[in-house]
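If you read the sequence shown in our numbering, its first letter stands for residue 3, the second for the next number, and so on.
Glycine included, every Cβ here is placed at the ideal spot set by N, Cα and C.
These notes concern the structure reproduced below.
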Amino acid sequence: MDSTQLLGYIGALIVGLVLGLIGGGGSILTVPLLVYLLGYNPVIATAYSLFVVGTSSMVGTYQKYKEGLVDFKTGLAFSFPSFVAVYLSRRYLVPGIPDTILNFGDYTLTKEMSIMIFFAIIMFLASFSMIKNGNNTNKVSNPQPYYKTFIQGLIIGTVTGIIGAGGGFLYVPALVVWANIPMKKAVGTSLIIVTINSLIGFIGDIQTLEIEWFFLLCFTLISIIGIILGVFISKFISGKKLKKSFGFFVLIMAVYIMYKELK
């Protein structure tokens, strides 16, 4: 094992830790890790991210359930429109994007570049949401009508399908604000949505991509160890402060991805 692979597996452990601590953000680390450190194509990286984050989140859901921090009814209500959108995005939308999107003089915008730039834009938005909600995570409102949840699920599912994310960084604030769920329970409930979205999205990828199973399973196993540790550590750390800190980290990562893709 060379130093790059070792760093990759250390990154896998951190991915799991983040998922266990804040219920989202795993894909925000996984995709750049696979693309920039391990050299995977962004389309492959987003597919692998779905499997890693989905499998790790399934373990995290069980851990949170044992603590009574999972609302299955609300989680499944958000999941249905989302996983439909994620599957369709991975099965048809992503494969249908042309390899070359735009030629402007000597500049060529490729499919891989556009996916990473879109990923960075979503990271910018997510970081501001985490930083802002870090100050007001206790504010809740009455649950919204289900038709609004359905539409929001479709939109978030499509976005997360394109960028290979489970969507936890989007669903945690949504569950707090729209579903009137306390922050710690929102973290646990978001893991159900992340699990279903990610694994069903990955099923769409199996039909269009060649999967390197040995690497993927090793990476995922280490992430699972990380999420078990993360869930344990979360008992002793303020979720509000942690979420805000991670928001600043995500902002830095978004700037880095933009720099790498546009330089």
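Just confirm the distance between the C-beta atoms of residue i and residue j, as a whole number of angstroms; I'd bet it's less than 8 Å.
i                 : j                 : result
phenylalanine 152 : proline 83        : 5 Å
valine 252        : isoleucine 30     : 6 Å
glycine 169       : threonine 162     : 4 Å
isoleucine 239    : phenylalanine 85  : With a Cβ gap of about 30 Å, isoleucine 239 and phenylalanine 85 do not count as contacting.
glutamate 263     : methionine 115    : 5 Å
isoleucine 16     : valine 189        : About 17 Å; that fails the 8 Å criterion.
leucine 156       : alanine 47        : Going by Cβ atoms, the distance from leucine 156 to alanine 47 rounds to 24 Å, so no, they are not a contact pair.
valine 20         : phenylalanine 221 : Not a contact, Cβ separation roughly 15 Å.
isoleucine 195    : glycine 77        : 6 Å
According to DSSP, simplified to helix, strand and coil, what is residue i?
i              : result
asparagine 105 : strand
isoleucine 124 : helix
serine 29      : helix
alanine 181    : coil
asparagine 140 : In this predicted model, asparagine 140 has a pLDDT of only 49, less than 50, meaning its place in the structure is not dependable; the value taken from the coordinates is given anyway. Reduced to three states, the DSSP call for asparagine 140 is coil.
tyrosine 42    : coil
glycine 169    : coil
aspartate 207  : helix
valine 72      : coil
glutamate 212  : coil
serine 225     : helix
isoleucine 239 : coil
lysine 134     : helix
isoleucine 202 : helix
lysine 66      : helix
isoleucine 194 : helix
Straight-line CA distance for residue i to residue j?
i              : j                 : result
leucine 231    : glycine 22        : 7 Å
valine 233     : lysine 66         : 7 Å
threonine 110  : lysine 75         : 46 Å
leucine 104    : threonine 112     : 7 Å
valine 55      : valine 33         : 10 Å
threonine 139  : aspartate 4       : The predicted model places threonine 139 with a pLDDT of 47, which falls under 50 and marks its position as unreliable; any figure quoted below should be read in that light. One C-alpha to the other measures close to 42 Å.
isoleucine 213 : leucine 177       : 33 Å
alanine 181    : valine 174        : 10 Å
leucine 71     : tyrosine 38       : 35 Å
alanine 49     : phenylalanine 217 : 13 Å
glutamine 7    : leucine 35        : 11 Å
threonine 191  : aspartate 108     : 47 Å
isoleucine 208 : proline 100       : 19 Å
glycine 41     : serine 51         : 14 Å
tyrosine 148   : leucine 193       : 20 Å
valine 96      : glycine 206       : 10 Å
glycine 98     : proline 44        : 15 Å
With DSSP as the reference, please indicate the residues paired to residue i in a beta bridge.
i         : result
leucine 1 : This structure gives no information on residue 1, because the portion of the chain shown stretches from 3 to 265.
Answer with yes or no whether the minimum CB distance from residue i to chain D is below 8 Å.
i              : result
tryptophan 215 : Here there is only one protein chain, and chain D is not present.
Worksheet item: Is the region 252-261 touching the region 116-124 in the sense that three or more CB pairs, one from each, lie closer than 8 Å?
Response: yes
Worksheet item: Counting Cβ pairs closer than 8 Å, one from the region 70-82 and one from the region 124-135, do we hit at least three?
Response: no
Worksheet item: Taking three-plus beta-carbon pairs below 8 Å as touching, is the region 91-106 in contact with the region 197-210?
Response: yes
Practice prompt. Would you be able to state if there are at least three C-beta pairs under 8 Å between the region 46-61 and the region 210-226?
Written response: Yes, they touch.
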